[in-house]
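Protein sequence lines, in the order shown, are assigned to chains A and B.
Mapping the first sequence onto the numbering used here, position 58 (from 1) lands on 67, and the numbers just tick up by one.
Mapping the second sequence onto the numbering used here, position 355 (from 1) lands on 358, and the numbers just tick up by one.
Have a look at the structure below before the remarks.
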Amino acid sequence: MAIKILIPTPLRPSVNQQTELMVDVDGDVNTIIGSLVESYPKLKVYLVDDSGTLRKFVNFYINDTDIRDLDGEKTVLSDGDCISIVPAIAGGVV
Amino acid sequence: MSLSQSELSRYSRHLILPEVGKLGQETLKASSVLVVGAGGLGCPLLTYLAAAGVGTIGIIDFDVVDESNLQRQVLYATSDIGKSKVDVAKQKLLDLNPHIHVNTYQEPLTSDNAIELFSQYDVIADGTDNFATRYLVNDACVLAGKPNVYGSIFRFEGQITVFNYQDGPNYRCLYQEPPPPGLVPSCAEGGVLGVLPGVVATLQANEVIKVLLNIGNIASGRLILFDALQLSFREVSIKKRNDYEIKELIDYNQFCGVNEMTNNDVDDITVFDLKEKFDKEDTFELIDVREPHEYDICSIESAVLIPMGDLEDSLESLDKSKSYVVHCKSGGRSARAVAMMKEYGFQNVVNLAGGILSWADNIDTALNKY
């Protein structure tokens, strides 16, 4: 099953500057993000917290719909779906 | 609010637009907008609002102009370095358009002053640079019942939306929580493309004008994403959520963990201590956790470059029994590096407070700074 993942500019240094990645994994958002961070370990700290839950300052959209408006981390994807990762940015100083 | 002949001439390109017209221009003149932050976003935003004839513009910013602001904060000139941002901005805006009023507040926005200040304006535009103030602006807009025209930037990424517009979603509906402190690099560390705030702020100005004139399709419930590297715009939807009820303003530094930034487990040494260690020929290794392109600008002799992102993988090759001093540009990244090394069992590791900038200011003044 082919899923496209759009990587925002702040996270591109963790994926060799790629703008989008294709993953071939069946399952829900959790499984797909799990597979993504396994392939790109530097992404992990930004996407998943110590307990393995998706970070709350990063939003995940499936075809422009927030997964919180679907089934959250358990939202099952279909072939050809596109996941957008959109982290909170504040303009600099944290 | 009627327009003088001088104003009619000035705004003629607006007056012949049916969507604005004389009535719209009078509406703009009678309107008030508060711009929070007179930095990279605030400067172009203020310029366009003043040029468009928004009658009353408020500017709140506690800062003074620094040389490193000039790459993107286009209201300020080289001769303004060291001057109050709100004072310079006011003078430039009144020079651009003497028909408007500019109110300045040279102070930080806080939980104590936000609601009273916001209640004096029709629209609030957020051009701030940190998460604590973003949540404060959001919550105060909700409590004061004001639309919040939001723009934010990081490196090459821009986000634009309008929060709290006609009971629409607010920032907490988009992001429940800020990132944990230290995870995302600061602007001084992460950098920002100078033209990016120009793009984002002009879109904010566009939305401010639309909200004031009640025209077009306001970017409420939509997050517009701008990628400067690809030159692409996308948008995703923001739904209203009720998982957090905003009842009162809180301590936003605490909420964002700003105070946790000072890690008690990390020992600092000053640049003078480091100089003394060099002079006494102490046995230690100096690690520079900046990026290679920063190292190319300036470096401290004998420092070993291990960029922060590679540090964890490199720790196995370092001798835990040795003594280490870690530095970066200004001390933030290196403090996190020291904390990480301690977690991995390094006992004798300290952080260089103030980083290479402090070294350049106090010890090696010939060193390039950035």
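For every residue, glycine included, the Cβ atom is placed at its ideal position computed from N, Cα and C.
Inset, instruction - Under 7 Å Cβ to Cβ from SER44 of chain A, same chain only, skipping five residues before and after it: list those, please. - result: For the purposes of this step, residue 44 of chain A is identified with residue 35 of the first sequence, where counting begins at 1. Same-chain partners within the cutoff: VAL32, VAL34.
Inset, instruction - Could you have a look at ILE71 of chain A and say whether DSSP puts it in helix, strand or coil? - result: In the first sequence, counting from the first residue as 1, residue 71 of chain A sits at position 62. It is a strand residue.
Legend entry - Minimum Cβ-Cβ distance from ILE98 of chain A to chain B less than 8 Å: Along the first sequence, read from residue 1 onward, the residue named residue 98 of chain A stands at position 89. Yes, contact with chain B.
Inset, instruction - Take ALA208 of chain B as the anchor and find which of B:THR164, B:GLU248, B:GLY171, B:GLN233 has the nearest alpha-carbon. - result: Against the second sequence, residue 208 of chain B aligns to sequence position 205. Ranking the options by Cα distance to ALA208 of chain B, first place goes to B:THR164.
Legend entry - Cα-Cα separation between PRO295 of chain B and GLY154 of chain B, rounded to whole angstroms: Residue 295 of chain B sits at position 292 when you count from the first residue of the second sequence. Residue 154 of chain B sits at position 151 when you count from the first residue of the second sequence. Near 31 Å, if we compare the C-alpha coordinates of GLY154 of chain B and PRO295 of chain B.
Inset, instruction - Taking only beta carbons into account, state which residues of the segment 119-137 of chain B come closer than 7 Å to chain A, listed in chain order. - result: Within the segment 119-137 of chain B, THR131, ASP132, ASN133, PHE134, ARG137 place their CB atoms closer than 7 Å to a CB of chain A, listed in sequence order.
Inset, instruction - Sort B:THR368, B:LEU48, B:SER5 by Cα distance to THR205 of chain B and report the nearest one. - result: On the second sequence, position 202 is the one that residue 205 of chain B refers to. Nearest C-alpha to THR205 of chain B: B:LEU48.
Legend entry - Euclidean distance between Cα positions of ARG16 of chain B and GLU10 of chain B: Numbered from its first residue, the second sequence carries residue 16 of chain B at position 13. Numbered from its first residue, the second sequence carries residue 10 of chain B at position 7. A direct Cα-Cα distance of roughly 11 Å separates ARG16 of chain B from GLU10 of chain B.
Inset, instruction - Entirely within the segment 114-189 of chain B and at least 3 residues each: give me those beta strand (DSSP E) ranges in chain order. - result: Uninterrupted beta strand (DSSP E) stretches at least 3 residues long and entirely within the segment 114-189 of chain B occur at 126-129, 151-157, 160-166, given in chain order.
Legend entry - Runs of alpha helix (DSSP H) lying entirely within the segment 26-65 of chain B, each at least 4 residues, in chain order: When DSSP assignments are scanned along the segment 26-65 of chain B, the uninterrupted stretches of alpha helix (DSSP H) that are 4 or more residues long and fall wholly within it turn out to be 45-55.
Inset, instruction - Mark GLU70 of chain B as exposed unless 16 or more other C-beta atoms lie within 10 angstroms of its C-beta, in which case mark it buried. - result: On the second sequence, residue 70 of chain B is found 67 positions in, with the first residue counted as 1. In this structure GLU70 of chain B is exposed. Its beta-carbon is surrounded by fewer than 16 other beta-carbon atoms within 10 angstroms.
Legend entry - Pairwise C-alpha distance: GLY219 of chain B and PHE134 of chain B: The residue labelled residue 134 of chain B in the question sits at position 131 within the second sequence. The residue labelled residue 219 of chain B in the question sits at position 216 within the second sequence. A direct Cα-Cα distance of roughly 30 Å separates PHE134 of chain B from GLY219 of chain B.
Legend entry - Cross-chain neighbours of ILE156 of chain B in chain A, by beta carbon under 7 Å: Within the second sequence, numbered from 1, the residue matching residue 156 of chain B stands at position 153. The contact set of ILE156 of chain B on chain A, defined by CB atoms closer than 7 Å, consists of ILE98, GLY100 in chain order.
Inset, instruction - Mind checking who ASP230 of chain B pairs with in its DSSP beta bridge? - result: Position 227 of the second sequence, counting from 1, holds the residue named residue 230 of chain B. When beta bridges are read from the DSSP output, ASP230 of chain B appears opposite B:GLU160, B:SER235.
Inset, instruction - Counting only the same chain and skipping the five closest in sequence on each side, list residues whose C-beta sits under 7 Å from that of THR30 of chain B. - result: Locating residue 30 of chain B in the second sequence gives position 27, where the first residue counts as 1. Excluding positions up to five away in sequence, the list reads LEU215, LEU216.
Legend entry - Proximal residues to ILE76 of chain A (C-beta, below 6 Å), its chain only, five neighbours per side dropped: Numbered from 1 along the first sequence, position 67 holds the residue referred to as residue 76 of chain A. Here the set comprises VAL38, PHE69, THR84.
Legend entry - Backbone secondary structure at HIS102 of chain B - three-state DSSP: Within the second sequence, residue 102 of chain B is the residue found at index 99, counting from 1. In the structure shown, HIS102 of chain B sits in coil (DSSP, three-state: anything other than H, G, I, E or B).
Inset, instruction - Whole angstroms is fine: what's the gap from PHE65 of chain B's alpha carbon to HIS330 of chain B's? - result: On the second sequence, residue 65 of chain B is found 62 positions in, with the first residue counted as 1. On the second sequence, residue 330 of chain B is found 327 positions in, with the first residue counted as 1. Taking the straight line from one Cα to the other gives about 29 Å.
Inset, instruction - Return helix, strand or coil for GLU294 of chain B, following the three-state DSSP convention. - result: Translated into the one-based positions of the second sequence, residue 294 of chain B becomes position 291. DSSP places GLU294 of chain B outside both helix and strand once states are collapsed to three, so it counts as coil.
Inset, instruction - Measure the CB-CB distance between LYS88 of chain B and VAL67 of chain B and report whether it falls below 8 Å. - result: For the purposes of this step, residue 88 of chain B is identified with residue 85 of the second sequence, where counting begins at 1. For the purposes of this step, residue 67 of chain B is identified with residue 64 of the second sequence, where counting begins at 1. Yes.
Inset, instruction - Go ahead and pull the three-state DSSP assignment for ASP69 of chain B. - result: Taking the first residue of the second sequence as position 1, residue 69 of chain B is located at position 66. If DSSP states are grouped into helix, strand and coil, ASP69 of chain B belongs with coil.
Legend entry - Entirely enclosed beta strand (DSSP E) segments - the segment 17-49 of chain A, minimum 3 residues: Correct list: 29-33.
Legend entry - GLU315 of chain B in three-state terms, based on DSSP: By 1-based counting over the second sequence, the position of residue 315 of chain B is 312. Of the three classes helix, strand and coil, the one that applies to GLU315 of chain B here is helix, per DSSP.
Legend entry - 8 Å Cβ cutoff met for PRO182 of chain B and ALA97 of chain A: In the second sequence, the residue the question calls residue 182 of chain B occupies position 179. In the first sequence, the residue the question calls residue 97 of chain A occupies position 88. Going by C-beta atoms, PRO182 of chain B is nearer than 8 Å to ALA97 of chain A.
Legend entry - Closer than 9 Å at the beta carbon, the chain B residues around SER93 of chain A: Position 84 of the first sequence, counted from the start, is the residue given in the question as residue 93 of chain A. Correct list: LEU228, ARG237, VAL239.
Inset, instruction - Quick one: measure Cβ to Cβ for SER35 of chain B and GLY56 of chain B, integer angstroms, because I've assumed they're closer than 8 Å. - result: Mapped onto the second sequence, residue 35 of chain B falls at position 32. Mapped onto the second sequence, residue 56 of chain B falls at position 53. Rounded, the Cβ-Cβ distance is 12 Å, inconsistent with contact.
Legend entry - Amino acids of chain A, ordered along the chain, whose beta-carbon sits closer than 9 Å to that of GLY312 of chain B: Locating residue 312 of chain B in the second sequence gives position 309, counting from the first residue. Chain-order list of chain A residues neighbouring GLY312 of chain B: PRO22, SER23, LYS51, by C-beta distance under 9 Å.
Legend entry - Short-range partners of chain B found in the segment 55-79 of chain A, where Cβ spacing is below 9 Å: Of all residues in the segment 55-79 of chain A, TYR55, ASP58, ARG64, LYS65, PHE66, VAL67, ASN68, TYR70, ASP73, THR74, ASP75, ARG77, ASP78 have a Cβ within less than 9 Å of some Cβ in chain B.
Legend entry - Rounded separation between LEU277 of chain B and SER320 of chain B - CA only: For this step, residue 277 of chain B is matched to residue 274 along the second sequence. For this step, residue 320 of chain B is matched to residue 317 along the second sequence. Straight-line spacing of the CA atoms in LEU277 of chain B and SER320 of chain B works out to 24 Å.
Inset, instruction - For the beta strand (DSSP E) containing ASN354 of chain B, list its first residue and its last residue. - result: Position 351 of the second sequence holds residue 354 of chain B. Counting along the chain, the unbroken beta strand (DSSP E) around ASN354 of chain B starts and ends at 352-355.
Legend entry - Short Cβ contact (8 Å threshold) for THR18 of chain A with ASP230 of chain B: Within the first sequence, the letter at position 9 stands for residue 18 of chain A. Within the second sequence, the letter at position 227 stands for residue 230 of chain B. For THR18 of chain A and ASP230 of chain B, yes; Cβs fall inside 8 Å.
Inset, instruction - Kindly indicate which residue of B:PHE157, B:GLY161, B:ASP129, B:GLN169 has the alpha-carbon position closest to the one of GLY148 of chain B. - result: The residue you call residue 148 of chain B lines up with position 145 of the second sequence. Residue B:GLN169 is the option with its Cα nearest to GLY148 of chain B.
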